[in-house]
Amino acid sequence: MNVLDSVSATKPETKRELAKAKTRHTLLKSALQLYSVEGALGMSMNKIAKGAGIAQPSFYNHFDSLDALQQVLGEQLKDNYLSPMRMAWVDMLKDYPTLSKEDFNERCQECLTLIFDAAFQNITLFQRLLEDSLRFDSNIERNGLGSLIIEIRDEWTKMFIEGLQSAECSFDQSDVHLCVDIAAAQVHELILGCHQQRYSRQQAIEMLCKNFDGVFSHFFTKDKRRVDG
């Protein structure tokens, strides 16, 4: 999740703007490092400012509050994680009724590889996000980075619905939520298993492809699926 190394859409025009942008970037980087070590409950304005090498009062020159910083950082992380794979997943669902088993496995492996690559860019951060997601319920007020996994899961649900709609497939939203929750839990568990070297990434991805084929087929009638051979 090297989102903080991405190029800013708006390039500073003056030395003052450049310096301010650099400090803002440093604050975000400090917050990301702090979160990876201490999680949502360890976040504080003072610690972030200290990590960035500035006095705490100067924090307000860049962000209105700690929550504001976490919102910006969370949106950047979420976009960095989801953007490379969004259309790949939507298109795979849209095309699912016409894909052979072999074609589906190839497309699904490509999509899952994107997920694994994104998680392993910063596995410590990924683990922390998963741990904190257990502390925050989606039905209560969300807490900065602590609810980021929940927000990402919500985005997966939107992708799933978009793909089903593109395929002109009828569905019940409660079924979509259930399937996404199950799929997300499987993905997260297998990513951690790979990190702990209990099995290889390829083994995990192949298992997920089989599981996802079953999940997707739940939404499509058999006569829509192309027969292999």
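First residue of the sequence shown? That's 17 in the numbering used here, and the numbers climb one at a time after it. Cβ atoms here follow ideal geometry from the backbone N, Cα and C, with glycine treated the same way. Just so you know, these numbers come straight off a predicted model, no measurement behind them.
* **Sub-7 Å separation of G67 and S46 beta-carbons** => Taking the first residue of the sequence shown as position 1, residue 67 is located at position 51. Taking the first residue of the sequence shown as position 1, residue 46 is located at position 30. Result yes, Cβ atoms of G67 and S46 sit closer than 7 Å.
* Using the beta-carbon count (16 or more within 10 Å), is I165 buried or exposed? -> Counting from 1 along the sequence shown, the entry for residue 165 is found at position 149. It counts as buried.
* Taking just the CA atoms, how far does S116 sit from L224? -> Start at 1 with the first residue of the sequence shown, and residue 224 comes out as number 208. Start at 1 with the first residue of the sequence shown, and residue 116 comes out as number 100. Cα-Cα distance, rounded: 17 Å.
* Taking C-alpha atoms, which residue in G209, V203, D188 lies nearest to F236? -> To locate residue 236, count along the sequence shown from 1; it is residue 220. Ranking G209, V203, D188 by Cα distance to F236 puts D188 first.
* Asked: Within this structure, are the beta carbons of F132 and R214 separated by less than 7 Å?
  -> The residue labelled residue 132 in the question sits at position 116 within the sequence shown. The residue labelled residue 214 in the question sits at position 198 within the sequence shown. Their beta carbons are not under 7 Å apart, which means F132 does not touch R214 by this criterion.
* Identity of the residue in N77, G55, S60 nearest H41 by Cα -> In the sequence shown, residue 41 corresponds to position 25, counting from 1. Looking at the Cα atoms, N77 is the closest of the given residues.
* Residue environment, I207, which counts as buried when at least 16 other CB atoms sit within 10 Å -> Position 191 of the sequence shown, counting from 1, holds the residue named residue 207. Buried, by the Cβ-count rule.
* Alpha-carbon spacing of L34 relative to A84, whole angstroms -> On the sequence shown, position 18 is the one that residue 34 refers to. On the sequence shown, position 68 is the one that residue 84 refers to. Distance between the alpha carbons of L34 and A84: 21 Å.
* Asked: Is N138 helix, strand or coil by DSSP?
  -> Indexing the sequence shown from 1 puts residue 138 at position 122. N138: coil per DSSP, three-state reduction.
* Report the rounded CA-to-CA distance for L93 versus Q86, giving the unit in angstroms. => Mapped onto the sequence shown, residue 93 falls at position 77. Mapped onto the sequence shown, residue 86 falls at position 70. Roughly 10 Å separates the two Cα atoms.
* To do: Could you pull the start and end residues of the alpha helix (DSSP H) that L180 belongs to?
  => Here residue 180 refers to the residue found at position 164 of the sequence shown. Run containing L180: 164–182, per the alpha helix (DSSP H) assignment.
* Asked: Which runs of the beta strand (DSSP E) spanning at least 3 residues fall entirely within the segment 175–228, listed in chain order?
  -> Within the segment 175–228, there are no complete beta strand (DSSP E) runs of at least 3 residues.
* To do: Grab me the residues of A56's own chain with a C-beta within less than 7 Å of its C-beta, minus the 5 sequence neighbours each way, in chain order.
  => Working through the sequence shown from its first residue, we reach residue 56 at position 40. Here the set comprises D148, N159, G160, L161, G162.
* Asked: What do you get for A183, buried or exposed, if any count of 16 or more other CB atoms within 10 angstroms of its CB means buried?
  -> For the purposes of this step, residue 183 is taken as the residue at position 167 of the sequence shown. Its Cβ being crowded by 16 or more others within 10 Å, A183 is buried.
* Nearest CA to the CA of I168: which residue from H211, K38, L146? -> Within the sequence shown, numbered from 1, the residue matching residue 168 stands at position 152. Per the C-alpha coordinates, the member of H211, K38, L146 positioned closest to I168 is L146.
* Asked: Is it the case that the Cβ atoms of Y112 and F232 are separated by a distance below 7 Å?
  -> Looking up residue 112 in the sequence shown gives position 96. Looking up residue 232 in the sequence shown gives position 216. Judged by their CB atoms, Y112 and F232 are nearer to each other than the 7 Å cut-off.
* Asked: How many Å lie between Q202 and N62 at the Cα?
  -> By 1-based counting over the sequence shown, the position of residue 202 is 186. By 1-based counting over the sequence shown, the position of residue 62 is 46. So the two alpha carbons sit approximately 37 Å from each other.
* Asked: Near V88, what residues of its chain come up, given a Cβ to Cβ distance below 8 Å and the 5 sequence neighbours on each side ignored?
  -> By 1-based counting over the sequence shown, the position of residue 88 is 72. Answer for V88: L44, F79, listed in chain order.
* Top-ranked residue by Cα proximity to P100, from S81, E118, L82, E126 -> For the purposes of this step, residue 100 is taken as residue 84 along the sequence shown, with counting starting at 1. For P100, the closest of S81, E118, L82, E126 by C-alpha to C-alpha distance is E126.
* Asked: CB-CB under 7 Å to N227, same chain, minus the five flanking residues each way: which ones, in chain order?
  -> To locate residue 227, count along the sequence shown from 1; it is residue 211. Q202.
* Asked: Can you tell me whether DSSP reads I156 as helix, strand or coil?
  -> Here residue 156 is taken as the residue at index 140 of the sequence shown, counted from 1. Residue placement at I156 cannot be trusted, given a pLDDT of 44 that sits under 50; what the coordinates show is reported in the next sentence. It is coil, neither helix nor strand.
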